[in-house]
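Step one of this worksheet: look at the structure below.
Numbering (our numbering), first residue to last: 120 to 257.
Next comes the structure, spelled out in C-alpha cells:
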C-alpha cells in the first residue's frame, strides 16, 4: 500500500492505491483547506479549486484531470487534493492550500463589507426609477 507523508504536519498514512489525496488527508487528520475554505468548498467534486497541494514525486499520482486543468491551468505545479489519485509513495505539501485560504478570507471580508452597500445602492436606484416613471413604489 502506498504511503502518504504530509510534510508540514509530519503525519504519515498508508492508503490503498487509487485513493484520493483528500480521503488520505482526512484519514491522517490533516486539513487540505485553508481559512474560510474549510467551510466554503465543493466537498471533493473538483469544482472550487480550494484544496491546492504540492505532490512529489508527480509520477506517483494520476495525470491532471479536466477539473484541475480548468481551475489551475495545464502547466500548474499544484494539484487539487480531491482529484489526485495516489499510485505510489508521495510527499504532500499543504502550504498552497493555506496560502490560497488566506487570499479567500480577504475576499470574503471584502464581500461582507461591500454587499450591504451594493444592496442599498440598488434599492435607491430602483426607487428613483419608479419615482421618475410616476408610479410610486410605496
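All C-beta atoms in this analysis are idealised placements derived from N, C-alpha and C, irrespective of residue type, glycine included.
Cut-off 6 Å between Cβ atoms - residues of its own chain near residue i, not counting five sequence neighbours on either side
i, result
"residue 175", "210"
"residue 223", "154, 155, 156"
8 Å Cβ cutoff met for residue i and residue j
i, j, result
"residue 203", "residue 180", "yes"
"residue 139", "residue 201", "yes"
"residue 134", "residue 123", "yes"
"residue 191", "residue 207", "no"
"residue 205", "residue 143", "yes"
Close Cβ partners of residue i (< 7 Å) along its chain, the five nearest in sequence each way excluded
i, result
"residue 221", "153, 154"
"residue 172", "140, 151, 197, 198, 200, 211, 212, 213, 215, 216"
Counted within 10 angstroms of its Cβ, other Cβ atoms place residue i as buried (16 or more) or exposed
i, result
"residue 197", "buried"
"residue 162", "exposed"
"residue 240", "exposed"
"residue 238", "exposed"
"residue 132", "buried"
"residue 125", "buried"
Simplified DSSP assignment, three categories, for residue i
i, result
"residue 151", "coil"
#### Entry: Complete runs of the alpha helix (DSSP H) confined to the stretch 181 to 224 [at least 4 residues]
185 to 191
Subject >> Within the stretch 130 to 179, ranges of the alpha helix (DSSP H) (whole runs, at least 4 residues) >> reply: 140 to 147
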